[in-house]
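2 protein chains.
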Amino acid sequence: MLMRIGQVAKRAGVNVETIRFYERKGLISQPLRTSGGYREYPHEAIARIRFIKRAQELGFSLTEITELLSWQTDPRATCADVKQKAEAKISTIHGRIKDLQKMKRSLEQLAAACKGSGPLNDCPIIDCFETQKEKED
Amino acid sequence: MLMRIGQVAKRAGVNVETIRFYERKGLISQPLRTSGGYREYPHEAIARIRFIKRAQELGFSLTEITELLSWQTDPRATCADVKQKAEAKISTIHGRIKDLQKMKRSLEQLAAACKGSGPLNDCPIIDCFETQKEKED
DNA sequence: ATACACTCCGTACCATGGTACGGAGTCAAG
DNA sequence: CTTGACTCCGTACCATGGTACGGAGTGTAT
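Order-wise, the sequence lines are chains A and B. Each step along the first sequence adds one to the number in the working numbering, with nothing skipped, and position 40 is 72. Each step along the second sequence adds one to the number in the working numbering, with nothing skipped, and position 4 is 36.
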């Protein structure tokens with residue numbers, strides 16, 4: 033029933049080093065040890081690592097995941113806490129998407145204006161980077 | 033006409049340390065020195081730092097900007113090189129946007145499914161993180 | 001009994017884009 | 001001629017999310 037770190041890593045799809053890293057960071061609690069000093073994990077450890085990975089895929093940082101995990105076992109934590117966190121994350125992601133879309137639009141305009149042949153003298157892309165927008169000091 | 037590092041930093045809107053950092057990284061060439069050992073910059077140095085900043089705003093990394101800058105003064109570099117780089121960047125940004133949109137959609141679905149009250153027992157967000165997707169080893 | 005796989009630990013290292021520190025030297029004004 | 005602002009340099013440090021290393025101990029199979 034109990035597993036050693038290598039098997040947990042394999043079944044959770046991460047490196048052994050990553051598990052130790054999560055333990056150091058407090059995302060995974062210190063497991064019991066065998067008489068020989070080996071870490072012994074219950075089956076739930078795999079679920080916990082998967083929890084971390086899925087939350088990461090949804091854009092949460094390890095620091096935020098630490099908070100989510102602490103709520104998971106805190107009887108005072110409410111659905112509202114989690115929902116609020118999710119909504120804050122949605123809004124952060126939204127902002128990031130907007131930024132990237134702006135970048136993309138600018139680049140697309142520049143690329144469209146660039147005929148794509150000849151030397152750089154009049155390349156609109158390079159021109160854009162070179163344009164002076166200096167404020168006098 | 034020539035400026036010292038502090039003035040360049042001020043006029044370009046970056047820290048002195050950032051200019052030294054760019055110099056170490058090869059984004060800015062080693063400037064001439066005064067007899068006292070101070071760096072002396074021509075006016076174009078400001079333009080070069082602004083070039084870096086604008087390219088960064090459009091999503092280019094310092095490594096990529098180094099390449100763009102080297103092209104800027106290379107007579108063999110063509111518009112096509114730059115355009116190709118811009119289009120590659122557009123496509124990278126596009127991919128990143130898609131990823132973020134996927135994250136956002138998933139989070140929105142979870143947040144919508146979460147009534148936002150009561151304890152965590154049945155919170156669909158936490159449930160999602162907890163869901164087992166184990167492959168048998 | 002010995003080879004081999006696994007695990008232990010601390011620490012260093014990777015990329016990214018800087019920021020901070022501290023002791024020394026330079027330069028201009030008062 | 002001293003004060004204060006600026007600059008010099010190398011190095012360490014920040015966050016982020018891990019990965020790699022190396023020497024030692026453990027556990028198991030043959």
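In this text, a Cβ means the ideal position worked out from N, Cα and C, and glycines have one as well.
Practice prompt. Give the interface partners of P63 of chain A over in chain B, defined as CB-CB distance under 8 Å, in chain order.
Written response: None at all; the shortest Cβ gap to chain B is about 19 Å.
Worksheet item: In the DSSP assignment, what residue or residues form a beta bridge with M35 of chain B?
Response: B:Y73
Worksheet item: Between the C-alpha atoms of C90 of chain A and I81 of chain A, what's the straight-line distance to the nearest angstrom?
Response: Looking at the sequence itself, residue 90 of chain A is Leu, so the reference to Cys does not match. Going from the Cα of L90 of chain A to the Cα of I81 of chain A covers about 14 Å.
Worksheet entry | Coarse secondary structure for E168 of chain A, derived from DSSP in three states | Reliability of the predicted coordinates at E168 of chain A is poor, the pLDDT of 42 falling under 50, and the value obtained from them is presented with this limitation in mind. In this structure, E168 of chain A counts as coil in the three-state DSSP scheme.
Practice prompt. Anything in the region 118-142 of chain A with a Cβ closer than 8 Å to a Cβ of chain B? List those residues in chain order, please.
Written response: A118, E119, K121, I122, I125, H126, R128, I129, L132, Q133, M135, K136, S138, L139, E140 and L142
Fill in: Residues that S149 of chain A contacts on chain B, provided the C-beta gap is smaller than 8 Å
T110, C111 and A112
Worksheet item: Using a C-beta to C-beta distance shorter than 9 Å, which residues of chain B count as neighbours of R86 of chain A?
Response: C160, F161, E162, T163 and K165
Worksheet item: Using 9 Å as the limit for Cβ to Cβ distance, is E99 of chain A near chain B?
Response: no
Worksheet item: Whose C-beta lies closer than 8 Å to the C-beta of E99 of chain B among residues of the same chain, with five residues either side of it excluded?
Response: K117
Discussion item. Just list the residues that DSSP pairs P151 of chain A with in beta bridges.
Written reply: B:T110
Worksheet item: Can you list, in chain order, the residues of its chain whose CB lies under 6 Å from that of L72 of chain B, leaving out five sequence neighbours each side?
Response: Note on identity: in this sequence residue 72 of chain B is Glu, with Leu being the wrong assignment. Excluding residues within five positions, the ones whose Cβ falls inside 6 Å are L34, P63, L64 and T66.
Item to complete: Report the three-state DSSP secondary structure of L101 of chain A (helix, strand or coil).
Response: helix
Worksheet item: For the candidate residues B:C146, B:I84 and B:C160, whose alpha-carbon lies nearest to that of E55 of chain B?
Response: B:I84
Fill in: Which listed residue (B:I122, B:E96, B:R52 and B:I78) has its alpha carbon closest to that of K42 of chain B
B:I78
Practice prompt. Check whether the region 42-52 of chain B touches the region 128-145 of chain B, counting contact only when three or more Cβ pairs, one atom from each stretch, lie closer than 8 Å.
Written response: no
Worksheet item: Taking C-beta to C-beta, are I125 of chain A and K136 of chain B nearer than 9 Å?
Response: yes
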